[in-house]
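Asks:
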Amino acid sequence: MAAYLSLWWMWICIALVVGLIELLAPGFIFLGFALGALVMAAVVYVVPGLSVPVMLALFAILSLLAWIVLRQLFKRQSSGARIVTRDINEN
19 MAAYLSLWWM
29 WICIALVVGL
39 IELLAPGFIF
49 LGFALGALVM
59 AAVVYVVPGL
69 SVPVMLALFA
79 ILSLLAWIVL
89 RQLFKRQSSG
99 ARIVTRDINE
109 N
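Encoded structure:
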């Protein structure tokens, strides 16, 4: 497993699989994990030779940060729904 996690393209494959899971189960839960895996691909490409515990800890931290940022971004967006305060059938 350590040999697979040290390959940058394996992290891209993980990001794609988790992204597909996000498409099947929407709710922006898995999107943070997909972005964390995508950033991990860049980290493993730039800094090869990291140990497995360090890679997994870094993946967890990056995924959490991505999830927090996405939550803040999606919280700012409004749905655009109107709030009805008066019924059109009332006089």
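Note that this note's numbering has the sequence shown beginning at 19, numbered continuously upward.
Idealized CB from N, CA, C, for every residue including glycine.
It should be emphasised that the depicted structure is a prediction, and the values quoted were computed from it without experimental measurement.
#1: Rank Val87, Ala60, Gln90, Arg89 by C-alpha distance to the C-alpha of Leu23 and give the top, closest one.
#2: Taking 7 Å as the limit between beta carbons, can you name the residues of its chain near Arg76, skipping five residues before and five after?
#3: When burial is assigned at 16 or more other CB atoms within 10 Å of the CB, is Gly45 buried or exposed?
#4: If we ignore side chains and look at the alpha-carbon of each, how far apart do Leu82 and Ala52 end up?
#5: Smallest Cα separation from Arg89: which of Gly50, Cys31, Val36?
#6: Under 7 Å Cβ to Cβ from Trp26, same chain only, skipping five residues before and after it: list those, please.
#7: At which residue ranges does the stretch 41-74 contain complete alpha helix (DSSP H) runs of 4 or more residues, listed in the order of the chain?
#8: Please confirm whether Ala55 and Trp29 have their CB atoms less than 9 Å apart.
Replies: The answer reads as follows:
#1: Ala60
#2: A small fix is needed here, since residue 76 is Leu in this sequence, not Arg. For Leu76, where only same-chain residues beyond five positions count, the Cβ hits under 7 Å are Met58, Val61.
#3: exposed
#4: 11 Å
#5: Gly50
#6: Ala59, Val62, Tyr63
#7: 49-64
#8: yes
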